[in-house]
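> Using the numbering used here, count along the first sequence one by one with no gaps and you end on 649. Please read through the structure below; I'll follow up with questions.
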Amino acid sequence: MADLIRITLLDGREVEYPKGTMAWEVLKDWGKVPFGDILAARVDGRLVDLSSPLMEDTSLEPLTFEDLEGKEIYWHSSAHILAQAVQQLFPKAKLGIGPAIREGFYYDFDVPEPFSEEDLGRIEERMREIIRQDLPFIREEVPRSEAIRLMSERKERYKVELLEEDIEEETVSLYRQGEFVDLCRGPHVPSTGYIKAVKLLSVAGAYWKGEERKPMLQRVYGISFPSQEELEEFLRRREEIERRDHRRLGRQLDLFSIQEEGGPGLVYWHPKGARIRTIIEDFWRREHYRRGYELVYTPHIAKVELWERSGHMAWFKESMFPPIEVEDQGYLLKPMNCPFHILMYKSKTRSYRDLPIRWAELGTVYRYERSGVLQGMLRVRGFTQDDAHIFCRPDQLEDEILGVLDLAEFMLTTFGYTDYEVELSVRDPEAKERYIGDDAVWEQAEEALIRALEQKGWSYSRREGEAKFYGPAIDIKMLDALGRGWQGPTIQVDFNEPERFDVTYIGEDGQEHRVVMVHRTVLGSMERFVGGLIEHYGGAFPAWLAPIQVVVIPITDAQASYAHKIGRRLLEEDFRVEVDDRNERVGYKIREAELQKVPYMLVVGEREVTEGTVSVRKRGEGDIGRMSPEEFVDRLQEEVEARV
RNA sequence: GCCAACGUAGCUCAAUCGGCAGAGCAGCGCAUUCGUAAUGCGCAGGUUGUCGGUUCGAGUCCGACCGUUGGCUCCA
């Protein structure tokens, strides 16, 4: 009689089974979750295969596609099927790595010839065949030396490299399905048949281990789901993302362009895009003055020596445009604004009473970005940061950080970003020598950031060792309407530049003290922020941001002068209005205004002229009835002021 | 920068095997004066990204360059 073990299930129930019973047997008996949905299990917090035997008293949880870990397992298994299919079709293909990612999976291969689009179709077909065969995933544990021998035999040089250089465990696990075998920690779904709907999405080059000096492998991206419907839903979502693409909308709505003749990564703001930008900037300026900032302007270029002193030449050189020579002096386009603000600070002696000093600037900077990374407005070579530098005493740091967090929250919610993730980057306590500035100063600063976050009541993830060499930082990632993350506000403490420029204030004691310097940006850059905003709103900007808020549409020429009168009236109220008096039908003008995503259309015909009213049509909703011009003005004014 | 794909009218896209560069929309002109998502007719619009090569003949094949897209890496 075998020993019994006690298993605690998800609903708190405790059951007894003979030692060595497999996870799936228990879960099948339990029956709370449809057995076919269960992909793997969590035992005492560890993820395991359903076939794994239970050897002691433990908790047991089923994992399905609904769980994050379940998805990962599902996609990881899909990656193995991808690899098997590729090796069947391309026997020379060597395996790189094949993990699950946020959405889907990929696998890297070293192949003599890069894959073509047609290859993708063939691979996908072969994957379906493997799925039809319903091959079990079989786990096997072997000593590392044994795994090295096996992988050498199979000429899997990358796997051998992983085993020799990256894996420390002396026992490793292998997973087999059919003739295919892969080095893998697991777990996996029980068999290939669990993967119901699969699609390969793209191929791209990717460096082995992400290192530029290493060989470039071919990365195949794919996605899979337990049902065809879910796959289709995923593809629909991709189309939605495509429809919202700021580059596409930027053209359709005539907001911005990038000119080949002018150079890559340099943005041209067309009148409507510029209108949105000025609205944001005006709002931004007012809000900064209200919160005790002063606004400044600084030059676009400065002597090479300044950038040497600031340290940029040492650690940022590869991101800067090369110098411009004039009168035997080299000048550099600024990649950042901070040295300029420091020079201004140092233009006179500062007292502790002057602090904190908060200087903000919409500063246009230029950075040399490698051609392959440029992307619409999101990744460019010239951009305007909503930059600010706070110079303060150490005892003021916490309040200053809190002030920035408040400002960031206010700005983000105003632009409709209500969800965000906060990250705190701190030193690696194991490698303190990597960082500039002494221990006490670091500790004090990290403490101040933490206390500010706590006061704000924000939860955050602490990222050990992620801080830059010159100070700890808070990064806020904002989630857009589609749940995608965007780089938002960043708050960076800097121990480096105040040191290099000897930035001080005179304290109460009459002595010089080192100033604490904080770099911060709330929107990031106008380019990236507006690019993101276009996608967030899908081009349908709320009335306060819309470049054109109202189009007045006369039905025939007979109402043209009345329409213009309404137009002038709205212009007097500072609304952004156009009168569409072209010789076209109402339907045509409405269609055009809808496509241009104008929030309001005022249709005026004979009836409205007689009554002195306007027929209001709201974007996306349709006719909302007739009202007096005054009533409409009030309505729109309210909407604009509420910024909704 | 690296890997791959792509580049035809302002935009979206055709053009069979290498054989006269085409359509819709936008623009312009004329007609129409119309009630909530496209009125009709006409006109104009091109060094097929650039440069070079192969060929009797190149949008199409080859090479280099420029740019774009998806990735790698990096970042506001």
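We treat Cβ as the ideally placed atom computed from N, Cα and C, and that holds for glycine.
Three-state secondary structure (DSSP) at Cys397?
If DSSP states are grouped into helix, strand and coil, Cys397 belongs with the strands.
> Could you pull the start and end residues of the beta strand (DSSP E) that Gly625 belongs to?
That residue, Gly625, is in no beta strand (DSSP E); it is neither H nor E in DSSP.
> If you compare alpha carbons, which of Leu167, Asp433, Arg11 is closest to Phe474?
It is Asp433 whose Cα lies nearest to the Cα of Phe474.
> Can you give me the C-alpha to C-alpha distance between Ile285 and Leu140, rounded to a whole angstrom?
Rounded to whole angstroms, Ile285 to Leu140 spans 57 Å at the Cα level.
> Just to confirm the assignment: which complete alpha helix (DSSP H) runs, minimum length 4, are found wholly within the stretch 586-621?
Listed in chain order, they are 591-600, 611-616.
> Which term fits Pro269, buried or exposed, when burial requires 16 or more other beta carbons within 10 angstroms of its beta carbon?
Exposed: under 16 other Cβ atoms inside 10 Å.
> What's the C-alpha gap between Ile135 and Thr197?
Taking the straight line from one Cα to the other gives about 7 Å.
> State buried or exposed for Val378, treating a residue as buried only when at least 16 other CB atoms are found within 10 Å of its CB.
With fewer than 16 other Cβ atoms within 10 Å, it is exposed.
> Please confirm whether Leu236 and Ala211 have their CB atoms less than 8 Å apart.
Their beta carbons are not under 8 Å apart, which means Leu236 does not touch Ala211 by this criterion.
> Among Glu170, Gln182, Met156, which has the Cα closest to the Cα of Ile143?
For the residues Glu170, Gln182, Met156, the minimum Cα distance to Ile143 belongs to Gln182.
> How would you call Ser352, buried or exposed, if buried means at least 16 neighbouring beta carbons within 10 angstroms?
Exposed, because fewer than 16 other Cβ atoms sit within 10 Å of the Cβ of Ser352.
> Going by beta-carbon coordinates alone, are Val535 and Val520 separated by less than 8 Å?
Not a contact, by the Cβ cut-off of 8 Å.
> Can you list, in chain order, the stretches of the beta strand (DSSP E) that have 3 or more residues and sit fully within the stretch 429-512?
Runs found: 466-469, 478-484, 490-499, 509-511.
> In the structure shown, what three-state DSSP assignment does Ala279 receive?
Note: Ala279 maps to helix in three-state DSSP.
> Under 8 Å by Cβ, that's how I've got Val272 and Ile281 pegged, so tell me the actual separation to the nearest angstrom.
With 8 Å as the limit, Val272 and Ile281 do not qualify as a contact, their Cβ atoms being about 13 Å apart.
> Among residues of its own chain, excluding the 5 on either side of Lys277, which ones have a beta-carbon nearer than 6 Å to its beta-carbon?
Taken in chain order, the residues that qualify are Asp259, Leu260, Pro552.
> Beta carbon of Arg525, beta carbon of Val385: below 8 Å?
Contact flag unset, no.
> So, Val527 versus Met632, is the Cβ gap smaller than 8 Å?
Their beta carbons are not under 8 Å apart, which means Val527 does not touch Met632 by this criterion.
> For the beta strand (DSSP E) containing Glu578, list its first residue and its last residue.
Unbroken run through Glu578: none, as it is neither H nor E.
> In or out: Trp312 buried (at least 16 other Cβ within 10 Å) or exposed?
The residue is buried, with at least 16 neighbouring Cβ atoms inside 10 Å.
> What are the start and end residues of the alpha helix (DSSP H) that includes Pro634?
Residues 634-647.
> In or out: Phe70 buried (at least 16 other Cβ within 10 Å) or exposed?
Under this definition Phe70 is a buried residue.
> Does the stretch 298-305 come close enough to the stretch 357-366 that 3 or more CB-CB pairs lie under 8 Å?
Touching, yes, given that three or more Cβ pairs across the two stretches are closer than 8 Å.
> Measure the alpha-carbon distance for Leu15 versus Asp54 and round it to whole angstroms.
Taking the straight line from one Cα to the other gives about 17 Å.
> Taking the Cβ atom as the reference point for each residue, do Val446 and Ala478 lie within a distance shorter than 8 Å?
No, the Cβ-Cβ distance between Val446 and Ala478 is not below 8 Å.
> When DSSP labels each residue in this structure, what does Leu260 get in the three-state scheme?
Three-state result, Leu260: coil.
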